[in-house]
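For the sequence shown, position 123 matches number 137 in this note's numbering, and the numbering has no gaps at all.
Glycine included, C-beta positions come from ideal geometry on N, C-alpha and C.
Okay, so here's the structure we're looking at.
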Amino acid sequence: MNTNDPIIQALTARGSPFELVERGGTQHFANAPRSLDQLIEGAKRHGEKTFLIEGERRLTFDDSFALRDALASELSIEPGERVAICMRNRIEWIIAFMAVTRAGGVPVLVNSRSSASELVRAINDIECELVLADNQRAEFLRDGSFRGRIIDADDFPAKGAAFEPPSPPSPDDPAAILFTSGTSGTVKGAVLSHTNIASGIMTMQMAGLMVLHNMAKRFGVPVEQLLAGIGQQAVLLVYPLFHISGLGSAFLSPLVAGSKIVILPRWDAAEAARAIAAEKVTMFSAVPTMLRDILKYAEVAETDLSSLRNIGTGGQALPINLLDQIRQVCPDAVLGTGYGLTETAGSVSMAVGEDFLRKRSAAGRVMPNVEMRITAPDGRELPDGEAGEIVVRGPQVASRYWDGTRAIDEDGWFRTGDIGYLDEERYLFVVDRLKDMVISGGENIYCAEVERVLSEMSGISECATFGIADERMGEALVAVVKAPDLDERAIIQHVETRLARYKVPTRVAFIDAPLPRNDLDKVDKIRLREMWPQLAEKNP
Numbered sequence: 015m016n017t018n019d020p021i022i023q024a025l026t027a028r029g030s031p032f033e034l035v036e037r038g039g040t041q042h043f044a045n046a047p048r049s050l051d052q053l054i055e056g057a058k059r060h061g062e063k064t065f066l067i068e069g070e071r072r073l074t075f076d077d078s079f080a081l082r083d084a085l086a087s088e089l090s091i092e093p094g095e096r097v098a099i100c101m102r103n104r105i106e107w108i109i110a111f112m113a114v115t116r117a118g119g120v121p122v123l124v125n126s127r128s129s130a131s132e133l134v135r136a137i138n139d140i141e142c143e144l145v146l147a148d149n150q151r152a153e154f155l156r157d158g159s160f161r162g163r164i165i166d167a168d169d170f171p172a173k174g175a176a177f178e179p180p181s182p183p184s185p186d187d188p189a190a191i192l193f194t195s196g197t198s199g200t201v202k203g204a205v206l207s208h209t210n211i212a213s214g215i216m217t218m219q220m221a222g223l224m225v226l227h228n229m230a231k232r233f234g235v236p237v238e239q240l241l242a243g244i245g246q247q248a249v250l251l252v253y254p255l256f257h258i259s260g261l262g263s264a265f266l267s268p269l270v271a272g273s274k275i276v277i278l279p280r281w282d283a284a285e286a287a288r289a290i291a292a293e294k295v296t297m298f299s300a301v302p303t304m305l306r307d308i309l310k311y312a313e314v315a316e317t318d319l320s321s322l323r324n325i326g327t328g329g330q331a332l333p334i335n336l337l338d339q340i341r342q343v344c345p346d347a348v349l350g351t352g353y354g355l356t357e358t359a360g361s362v363s364m365a366v367g368e369d370f371l372r373k374r375s376a377a378g379r380v381m382p383n384v385e386m387r388i389t390a391p392d393g394r395e396l397p398d399g400e401a402g403e404i405v406v407r408g409p410q411v412a413s414r415y416w417d418g419t420r421a422i423d424e425d426g427w428f429r430t431g432d433i434g435y436l437d438e439e440r441y442l443f444v445v446d447r448l449k450d451m452v453i454s455g456g457e458n459i460y461c462a463e464v465e466r467v468l469s470e471m472s473g474i475s476e477c478a479t480f481g482i483a484d485e486r487m488g489e490a491l492v493a494v495v496k497a498p499d500l501d502e503r504a505i506i507q508h509v510e511t512r513l514a515r516y517k518v519p520t521r522v523a524f525i526d527a528p529l530p531r532n533d534l535d536k537v538d539k540i541r542l543r544e545m546w547p548q549l550a551e552k553n554p
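Put into structure tokens, the structure is as follows:
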């Protein structure tokens, strides 16, 4: 990002809330909370404001902190102990996260959409002895032979004695573990420290203030005047809380800001539109698939979305025609986008409002506390405009995975596996992925994982999976197999019993000849994508 921008200079100057100081060669927020619990505890000041809404249930900040302390008293865990949270989006998920953090534990955020075997494997890999789960996931875990302790969300205490937290952790201690995956398709736990998460949240807060300063400049009024006219914000929570997008932008950031969070247990365009209208939701962040769904529903049902003032997206590129539709339905909303990963504790580049509309195909501008380089395969830094691998460094970047492997090199740089380029204004353009990954409806699907499951099926001699363009989902996962004695239904059922539903190929095409391969004897997926229309036509 252009650090010569006077607004950025003012926000990050000495004595400001977002003052930047150099530590260990990177830019840190001087006023960042030392722990995740300290960050959360600061939200107690919001008291009787409404905090959580789920259906007919409504909790204030005071209510929520009381439930947090009651559950923290029952956990009986040691400082640094890992506790898995395994449930769909609901009020109890948020209470569980706050309680584990308050008790000095490390929340392990398990993908609630996983199969029973995937859940047990993830929890065992991180060596969790305690799981906080909803009914369905608790049953999955028992069916999957999990032998540890399970506290059902329906049994969380409604009240309890005052809880005395343990001594504060070090800023570099683990604060949470979220799951991610590399090109091998093996799920790994990214260990985010207290510094990582606090830096990620403060980066989002700073981006919000940058928008306010730009608006104040545009209308010629003091920032304080704009702040005085803004009431409590309302966020619609649709991202899964086990994703960094759900954890950061839809939970922790609104918590700190004193916003209310309207929880949807699962994505439903009609329910989302109803909630936006009923609760006067002002902030909605979602993948393009969801935005398209709700715009289509609002048009048919004539739903009022006029309360929306901030609409953000990520997970996949925002189609230009969809952007135009959003601006037509919500002309007063400020639009934004960003780029980040689990290992970066959220976005490392962002653009909001006019900053976004100037270069709509970009994934934002590099944030002032982040260093970003574009590198060639030999590690050389490439000039502006030339595409290469995106590498980043900063206080929000995780240093390691739970299995002991390092996420960063000896100089602190994290290789994202994504291909992009920077322009002269530090706008980032993401053009491809090194990782063999498909993003469908905002969910990451690792082809190596699906191919491994396919290869276990008797009768399949060769297989490959890849993504094809899909208007609604962004990408759809498809498979090409050499399996003369099998049919599509049998193959899909095989994957369904072993992986989460969103990882199941939407189509399977059969090929008689060996799969095409490149000079390195690897399956040539570029060629397969070219062949797909003909293969799909042969396999209607």
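Where residue i falls: helix, strand or coil (DSSP)
i      : result
Ser363 : strand
Phe177 : coil
Thr356 : helix
Glu125 : What sits at residue 125 in the sequence shown is Asn, not Glu. Reduced to three states, the DSSP call for Asn125 is coil.
Leu448 : coil
Ser49  : coil
Glu36  : strand
Asn103 : coil
Arg521 : strand
Gly326 : strand
Val301 : coil
Thr197 : Since pLDDT at Thr197 reaches only 42, below the 50 mark, its modelled position is unreliable, and the value read off the structure follows with that caveat. Looking at Thr197 - three-state DSSP - the assignment turns out to be coil, as it is neither helix nor strand.
Pro498 : coil
Thr296 : coil
Phe265 : helix
Ala248 : strand
Nearest-angstrom Cα separation, counted from residue j out to residue i
i      : j      : result
Ala24  : Glu395 : 30 Å
Ala300 : Leu250 : 9 Å
Val35  : Arg440 : 21 Å
Asn45  : Met216 : 9 Å
Ser213 : Met364 : 15 Å
Asp416 : Asp157 : Residue identity differs from the one stated: residue 416 is Trp in this sequence, not Asp. Roughly 25 Å between the two C-alpha positions.
Arg127 : Gly162 : 20 Å
Thr64  : Ser273 : 8 Å
Val252 : Ala136 : 23 Å
Val400 : Lys202 : Residue identity differs from the one stated: residue 400 is Glu in this sequence, not Val. Using only the alpha carbons, I get a separation of about 31 Å.
Pro254 : Gly260 : 5 Å
Thr26  : Gly354 : 21 Å
Asp499 : Glu544 : 25 Å
Pro382 : Thr40  : 11 Å
Pro528 : Glu476 : 7 Å
Lys539 : Arg447 : 13 Å
Leu349 : Val295 : 15 Å
Val467 : Asn324 : 41 Å
Asp533 : Asn210 : With a pLDDT of 49 at Asp533, under the threshold of 50, the modelled position of that residue is not reliable, and no figure is offered here.
Residue range of the beta strand (DSSP E) that includes residue i
i      : result
Ile165 : Arg163 to Asp166
Met386 : Glu385 to Thr389
His42  : Thr40 to Phe43
Glu62  : Where Glu62 is concerned, there is no enclosing beta strand (DSSP E), given that its DSSP letter is neither H nor E.
Thr74  : Arg71 to Thr74
Leu396 : Leu396 -> no beta strand (DSSP E), and no H or E assigned at all.
Where the alpha helix (DSSP H) containing residue i begins and where it ends
i      : result
Cys461 : Cys461 to Ser469
Leu1   : A question about residue 1 goes unanswered here, because the residues of the chain that appear run from 15 up to 554.
Met229 : His208 to Phe233
Tyr253 : From DSSP, Tyr253 is part of no alpha helix (DSSP H); its letter is neither H nor E.
Asn138 : Ala130 to Asp139
Arg543 : Lys539 to Lys552
Glu403 : Element bounds for Glu403: not the alpha helix (DSSP H) but the beta strand (DSSP E), Gly402 to Arg407.
Phe370 : Glu368 to Leu371
Val411 : Segment: none, Val411 is in no alpha helix (DSSP H) and carries neither H nor E.
Ala478 : No alpha helix (DSSP H) contains Ala478, which is instead part of the beta strand (DSSP E) from Glu476 to Asp484.
Ile21  : Pro20 to Leu25
Beta-carbon spacing of residue i, residue j below 8 Å
i      : j      : result
Val122 : Leu89  : no
Gly378 : Ile404 : no
Phe43  : Ala57  : no
Gly360 : Ser263 : yes
Arg104 : Glu68  : yes
Val120 : Arg82  : no
Pro183 : Pro47  : no
Glu132 : Ala514 : yes
At least 3 beta-carbon pairs within less than 8 Å: the segment 405 to 413 vs the segment 428 to 440: yes
The segment 466 to 480 in contact with the segment 491 to 502 per 3-pair CB rule at 8 Å: yes
Three CB pairs or more closer than 8 Å across the segment 137 to 148 and the segment 269 to 289: no
Three or more C-beta pairs below 8 Å linking the segment 159 to 173 and the segment 183 to 195: no
Three or more C-beta pairs below 8 Å linking the segment 175 to 189 and the segment 72 to 87: yes
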